[in-house]
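Structure first, commentary second.
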Amino acid sequence: MCHIYAGRGMFNIILFGPPGSGKGTQSARIARDFDFVHLSTGQILRNLIAHNTLTGKLVKKYIDRGYLVPDDIVLRELFREAMEHSEGRGLIFDGFPRTVYQANIFDRLLEKKEIPVAMVISLKVTDDELFRRIISRAKDSGRSDDREEIIFKRINTYETETKPLIEYYRGNGRLVEISGMASVEKVYGEIKNSIDAAMHRINRGQDENR
Ligand code: AMP
């Protein structure tokens, strides 16, 4: 069972959704408005590729094929980044966890380090719209995985490996499902309201426990 709770004053969020659902864009806005640190595993992995290290070369093989990068690499790199920012106001995990295995390991580490996750936001977008968005983004993203056949593969990987996480997190009462079909502003408005509400709930709970 996953232990998600609030403590130590940090407010950490997991934002997940299929490729093209707007995770990156929305995470950047949350980070800006709430003064949180945005941790995107996709970006962390692309940085490894850019530095052309041995790990980077291996990572590229998976990303370019639309497969998930092996858990040990992702977990090591993400934890390193998360620990660097463990004293801030909050972290946004964008694109992590992506498998139930990652979520399990993550929960154990969070518990040990007392870096709690206050809420899990799932963005929902139809496959047609995802495909349309990524094709349009591909024109200037420069991403090697924004190609037609790889986009299908990534959406498929999401369906089979990441979507089961929705049930995993539904059980602990912190899951908020938001439609990502509207404009960036509208979706952000909903996300912001749900974060404000969760912060309010947590503060009220802490006041009552004093
Ligand atoms: P994203 O930028 O979130 O779309 O991620 C781009 C690619 O990076 C994905 O298609 C995966 O190959 C890889 N990736 C990102 N996050 C993870 C993760 N948590 N676990 C495994 N692979 C990941």
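In the numbering used here, the protein residues as written are -5 to 204.
Beta carbons are placed, not taken as given, at the ideal position from N, Cα and C, and that holds for glycine.
Here the structure is a predicted model, which is why all the values come from computation and not from measurement.
Where the alpha helix (DSSP H) containing residue i begins and where it ends
| i | result |
| --- | --- |
| valine 181 | 178 to 203 |
| serine 21 | 17 to 28 |
Check whether residue i and residue j have beta carbons under 8 Å apart
| i | j | result |
| --- | --- | --- |
| glutamate 78 | leucine 42 | no |
| serine 116 | isoleucine 160 | yes |
| valine 181 | glutamine 20 | yes |
| serine 15 | leucine 124 | yes |
| proline 110 | methionine 4 | yes |
| alanine 112 | asparagine 203 | no |
| proline 12 | valine 94 | no |
| isoleucine 144 | glycine 60 | yes |
| glutamine 37 | aspartate 65 | no |
| leucine 39 | valine 63 | yes |
| isoleucine 189 | isoleucine 24 | yes |
| aspartate 140 | alanine 132 | yes |
| phenylalanine 10 | threonine 151 | no |
Assigned exposure category for residue i - 16 Cβ within 10 Å defines buried
| i | result |
| --- | --- |
| lysine 17 | buried |
| proline 158 | exposed |
| threonine 154 | exposed |
| threonine 174 | Sequence check: residue 174 is glycine here, not threonine. With 16 or more Cβ atoms within 10 Å of its Cβ, glycine 174 is classed as buried. |
Continuous beta strand (DSSP E) stretch holding residue i: start and end
| i | result |
| --- | --- |
| glutamate 155 | Note, glutamate 155: premise wrong, no beta strand (DSSP E); not H, not E. |
| phenylalanine 10 | 7 to 10 |
| histidine 32 | 31 to 34 |
Rounded Cβ spacing between residue i and residue j (contact assumed at less than 8 Å)
| i | j | result |
| --- | --- | --- |
| serine 138 | aspartate 88 | Wrong, their Cβ atoms sit about 19 Å apart, outside the cutoff. |
| arginine 245 | phenylalanine 30 | Since the first residue shown for the chain is -5 and the last is 204, residue 245 is missing from the structure and cannot be characterised. |
| serine 80 | lysine 107 | 7 Å |
| leucine 52 | isoleucine 99 | Contact flag wrong, Cβ pair sits at about 20 Å. |
Could you tell me which uninterrupted beta strand (DSSP E) segments, each at least 3 residues in length, are contained entirely in the segment 55 to 139, listed from first to last along the chain? 85 to 88 and 113 to 118
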